[in-house]
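Per the working numbering, the very first residue in the sequence shown carries number 144; after that it's consecutive. Heads up, the beta-carbon is just placed ideally off N, CA and C, and yes, glycines get one too. What follows is a set of notes on a single structure, which appears directly below.
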Amino acid sequence: MGKSLKCDLCDESATVHLTQILNNQIHKIDLCESCAESKGITDPNGYSLADLLVKPGEESESSSEVLDSFEECPECEYTQKEFKKTGRLGCEHCYEAFGPILSPALAGMHRGENHKGKVPGRAVERKSFEDRLGTLESDLDEAIQKEHYEEAARYRDQILELKKAKKEEETA
144 MGKSLKCDLC DESATVHLTQ ILNNQIHKID LCESCAESKG ITDPNGYSLA DLLVKPGEES
204 ESSSEVLDSF EECPECEYTQ KEFKKTGRLG CEHCYEAFGP ILSPALAGMH RGENHKGKVP
264 GRAVERKSFE DRLGTLESDL DEAIQKEHYE EAARYRDQIL ELKKAKKEEE TA
């Protein structure tokens, strides 16, 4: 069995996971089925992410075959039944194990199967600066080793200019 979260109220295995964002603060609660029912926050139809993967009324023999084609994740032993019940995966390896049903759904949600994420502009600039500086420094070292001192002086000057420009940019 995969690692399971405990109910925040009674320490049973949690199958209901709620996330609320209020005033830019994230509040999460994990509940077992009985505590969720007692608080009146369960869907009697058992709605889950797994249910979204095969749309109601569109289930065909091939989609049933896909759902039945995997049993469990080889790493965490999270099962198809657990996934269908919770709508969650047990570990990063589950994405491969349950790929046949996840790929189409994720492709629709994320404009493709691979999540690219976002990088803040300053991080890109910093990485570009570090890459350029690293290249110049290795070129400088190579020129010195080959005793090409005029070339090494040009690299040294470029490094100094790059660092100066970076410092001016940071103080501006």
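Compute the Euclidean distance between the alpha carbons of residue i and residue j, then round it to the nearest angstrom.
{"i": "Q223", "j": "H160", "result": "18 Å"}
{"i": "S281", "j": "E313", "result": "25 Å"}
{"i": "T229", "j": "D173", "result": "11 Å"}
{"i": "G277", "j": "R299", "result": "12 Å"}
{"i": "I169", "j": "Q163", "result": "6 Å"}
{"i": "I302", "j": "E268", "result": "16 Å"}
{"i": "K270", "j": "E294", "result": "25 Å"}
{"i": "K289", "j": "H236", "result": "48 Å"}
{"i": "G183", "j": "S147", "result": "22 Å"}
{"i": "C216", "j": "C234", "result": "8 Å"}
Mind checking residue i: buried by the 16 CB within 10 Å criterion, or exposed?
{"i": "L232", "result": "buried"}
{"i": "A240", "result": "buried"}
{"i": "L165", "result": "exposed"}
{"i": "E285", "result": "exposed"}
{"i": "Y292", "result": "exposed"}
{"i": "A315", "result": "exposed"}
Where does residue i fall in DSSP's three states?
{"i": "L283", "result": "helix"}
{"i": "S156", "result": "strand"}
{"i": "K289", "result": "coil"}
{"i": "I184", "result": "coil"}
{"i": "D173", "result": "strand"}
{"i": "E218", "result": "coil"}
I believe residue i touches residue j by the beta-carbon criterion, under 8 Å. Please report the beta-carbon distance rounded to the nearest angstrom.
{"i": "L279", "j": "L305", "result": "7 Å"}
- prompt: Any chance the segment 171 to 183 sits against the segment 151 to 158, with 3 or more Cβ pairs inside 8 Å?
  reply: yes
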